[in-house]
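Undergrad:
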Amino acid sequence: MSSTASRKAKSDVSNEHLRKRVVAALEDLKAKDVREIDVRGKTSIADILFIASGTSARHVKSIADEVIKFAKEAGVMPLGVEGQTEAEWVLVDLGDIIVHVMMPRIREFYGLERLWTVGDDGVEAAND
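So in the working numbering the end of the sequence shown lands on 121, straight run, no missing numbers.
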């Protein structure tokens, strides 16, 4: 296996491990309506986006804190965390994986799922 292929294989393994840790963190704190979106080929900012909802600002912040904790346990330090003060929308940037934890009304308003899935599997944006 070439050096590049070897690095890619290691990256895929660590990304899969991190993805599983993110899922576990979201499940542990009972995040609502969790959606995983593969954005490879659509953007260079990440490979996977997670979008989840919390039931209150405290719940949103707790979910994001758990994602950060699980990522650190997996050996990944977040590149950035935004929105913890207001906790209506907290973004946790883990490099190839980005996690958005949002209040339902904020999630509905911004419609990230629609933005990142337009054209996927024949899904079209709704005409508002």
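Backbone N, C-alpha and C fix where the C-beta goes; we use that ideal spot for every residue, glycine too. Every value quoted in this text rests on a predicted model; they were computed, and no experiment measured them.
Alpha carbon to alpha carbon, how far is residue 31 from residue 90?
TA: When rounded, the distance between both Cα atoms is 10 Å.
Undergrad: Taking C-beta to C-beta, are residue 60 and residue 80 nearer than 7 Å?
TA: no
Undergrad: Answer yes or no: do residue 63 and residue 33 have a C-beta to C-beta separation smaller than 7 Å?
TA: Cβ atoms of residue 63 and residue 33: not closer than 7 Å.
Undergrad: For residue 82, which beta-bridge partners are listed by DSSP?
TA: 95
Undergrad: Does residue 10 pass the burial test, meaning 16 or more other C-beta atoms within 10 Å, or should it be called exposed?
TA: exposed
Undergrad: When the cut-off is 7 Å and only beta carbons count, does residue 74 lie next to chain C?
TA: No chain C is part of this structure, which consists of one protein chain only.
Undergrad: Who does residue 60 pair with in a DSSP beta bridge?
TA: According to the DSSP secondary-structure assignment, residue 60 is paired through a beta bridge with no residue.
Undergrad: In whole angstroms, give me the CA-to-CA distance for residue 36 and residue 109.
TA: Just so you know, the alpha carbons of residue 36 and residue 109 end up roughly 10 Å apart.
Undergrad: Assuming residue 83 contacts residue 77 (C-beta within less than 8 Å), just tell me the rounded distance between them.
TA: 6 Å
Undergrad: Among the residues of its own chain, which have a CB less than 8 Å from the CB of residue 51, if the five just before and after it don't count?
TA: 80
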